[in-house]
Amino acid sequence: MEEIITAVIPVVIIGIICAAVLVTASKLMAVKEDERFPEIRECLPGANCGACGFAGCDGYAKALCDDEDTPINLCVPGGDGVSESLSKLLGKEFAAAQKQTAAVHCSGDCTKTQDKVEYKGMESCKAAKLLYGGKGDCTYGCIGLGDCAAVCPEHAIMVIDGVARVNKSACTGCGICAKTCPNHIISLVPANARVTVMCSSKDKGAVTRKLCSAGCIGCKKCEKTCPNGAVIVKDNLAVTDYSKCMECDGAVCAENCPVGCLTINFQ
Amino acid sequence: MTKLIIILLSAVFINNYVLSKFLGICPFLGVSKKLNNAVGMSIAVIFVMLIATAATWPIQHYLLDPHDLGYLQTIVFILVIAALVQLVEIVLKRYIPSLHRSLGVYLPLITTNCAVLGVTILNNSENYTFIEAMVNSLGSGLGFLIAMVMFSGVRSAIEGNDIPESFRGLPVTLVAAAITSLSFMGFGGVIENLFA
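Chains as they are written, first to last, in my numbering: chain A, 1 to 267; chain B, 268 to 463.
As structure tokens, then:
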């Protein structure tokens, strides 16, 4: 009996001391968490996709707590529903969520460009990319083995004639495909963007022209004709500034493009 | 001084906690998928090993040994280390939030990790002085870091391969871990002869 007591008492005493220290420490050094944080976090879908520009849903919720000026319509997968519940919770004016869709910046299908090798390896763009930069002539373009289609949770991407195509009505704008594409030719663009550049080649015009009849040759015709300065040719490739592009009613740039690599999105 | 260097080097290479003593296998397999996480976890382990040794060495020598309570070693050490790690977490959260953000996730995971407990117990069974014990803990932590970094490299190399269906996931990881630990057998006997 005595042995048990001599063993138990020290352990109990050490336990009590530890408990006392921890309780005082947690009381003294408690960090205040914003009360609204759990509620805001509850509104967000929890996909942690990062489409809002913050590090996951927690990051966005924290930014909403800390900074009054954080817009409430940044959650793309949540759409208007999240934006509405956030506006109720935070007493801010409702703003429609900016819907974004994925766009594959390549139009080099099998009629416009050729394969340089006959690829018989794994059915994966990532694997094909490791082998001489992909099977196609153009190393910037779509490899067409459908890594993006495989990861798309909405099955909104299909490879047609060797180029991935996005079904805009099914796309939620999560951006997983953009992260997966080994050539980084998929990006998220506003769903109502008027004009999209359908090429990613940074080769010089003459080189691009030889490899693909639909490639951007960097002639700057679009840059010169755009009334709002929304298209700029950088590194032999036209790039659109979507915020400026929205102000335009026409599509002068696309009409003037000699290779037709600017497409007009009809709404 | 030579003894301290021998203790440090042999803790890192010969008696590597993960690859030779097979302690701390859980974080070794669990957190070694990405290099960033592996490094974060290892730094947390080094940190916890050091503070755990600093706290348990006096307990062993001034409380347990004089009163013939050596048999309470395991339970008392677990109790003290767990409370200590919790305390450190609270303190970090309050005063160094940036460090808490980078280490915070890993601290509760290694509260009473067997590698941490193993270091503190082996420090006593080897009869190290306080300084020697601290050096041994540092070496053990560094050995853990090396094992984690090496293995995360091995794992990322595995990821890109076409592995037979039945080997995918944990099985191939365990095979790779076994081969990695074989490589550390090569260090046997090196350190003793280095200073001979």
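Think of the CB as a built atom: it goes at the ideal place given N, C-alpha and C, for glycine as much as any other residue.
Sorting A:193, A:217, A:78 by C-alpha distance to the C-alpha of residue 249 of chain A places A:193 at the top.
Membership of residue 348 of chain B in the alpha helix (DSSP H) is indicated by the continuous run 340–362.
Contacts with chain B at 9 angstroms (Cβ-Cβ) include residue 10 of chain A.
Residue burial annotation: residue 32 of chain A is exposed, with fewer than 16 other C-beta atoms found within 10 angstroms of its C-beta. Note that the C-beta distance between residue 352 of chain B and residue 319 of chain B is below 9 angstroms. According to the DSSP assignment, residue 227 of chain A belongs to no beta strand (DSSP E), since it is labelled neither H nor E. Interface residue (Cβ-Cβ distance to chain A less than 9 angstroms): residue 364 of chain B is classified as such. Among the residues facing chain B, residue 29 of chain A is included, as its CB has a counterpart in that chain under 9 angstroms away. For residue 328 of chain B, no Cβ of chain A is located within less than 9 angstroms of the residue's own Cβ. Below the 9 angstroms Cβ cutoff, chain A contributes 25, 29 as neighbours of residue 358 of chain B, in chain order. In the same chain as residue 86 of chain A, and ignoring 5 residues on each side of it, the C-beta atoms closer than 6 angstroms to its own belong to 43, 72, in chain order. Here DSSP, grouped into helix, strand and coil, assigns residue 173 of chain A to coil. Secondary-structure assignment with DSSP links residue 165 of chain A through a beta bridge to A:158. Pairing residue 414 of chain B with residue 285 of chain B gives a Cβ-Cβ distance under 9 angstroms. If you draw a straight line from the Cα of residue 202 of chain A to the Cα of residue 369 of chain B, it comes to about 38 angstroms. For residue 64 of chain A and residue 74 of chain A, the gap between their C-alpha atoms comes out near 11 angstroms.
The C-beta of residue 65 of chain A comes no closer than 9 angstroms to any C-beta of chain B.
Residue burial annotation: residue 408 of chain B is buried, with at least 16 other C-beta atoms found within 10 angstroms of its C-beta. Taking the Cβ atoms as the reference, residue 214 of chain A lies roughly 20 angstroms from residue 252 of chain A, outside the contact range of under 8 angstroms.
The shortest C-alpha to C-alpha distance from residue 46 of chain A to any of A:57, A:231, A:160 is the one to A:57. Distances from the alpha-carbon of residue 243 of chain A to those of A:190, A:265, A:226 put A:190 closest. If you draw a straight line from the Cα of residue 129 of chain A to the Cα of residue 138 of chain A, it is about 11 angstroms long. Bridge pairing for residue 396 of chain B: absent [DSSP].
Taking all protein chains in view, the Cβ of residue 62 of chain A is crowded by 16 or more other Cβ atoms within 10 Å, so the residue is classified as buried. Going by beta carbons, residue 90 of chain A and residue 124 of chain A fall outside the 9 angstroms limit. For the options B:323, B:377, B:428, B:281, the alpha carbon positioned closest to that of residue 390 of chain B is the one of B:323. Under the DSSP definition of a beta bridge, residue 98 of chain A lacks any partner. Interface annotation for the segment 100–129 of chain A against chain B: 122, criterion Cβ-Cβ distance under 8 angstroms. In this structure, residue 81 of chain A sits away from residue 99 of chain A, with a CB-CB distance that is not shorter than 9 angstroms.
At least one CB atom of chain B sits nearer than 9 angstroms to the CB of residue 18 of chain A. Look at residue 23 of chain A here: in three-state DSSP terms it is helix. Between residue 340 of chain B and chain A, the shortest Cβ-Cβ separation is not below 9 angstroms.
Following the DSSP letters along the chain, one finds residue 188 of chain A inside the beta strand (DSSP E) bounded by residues 186–190. At a cut-off of 9 angstroms between beta-carbon atoms, residue 429 of chain B makes contact with chain A.
Apart from the 5 residues on each side of it in sequence, residue 276 of chain B sits with its Cβ closer than 6 angstroms to the Cβ of 458 in its chain, given in chain order.
DSSP places residue 196 of chain A inside the beta strand (DSSP E), whose first and last residues are 195–197.
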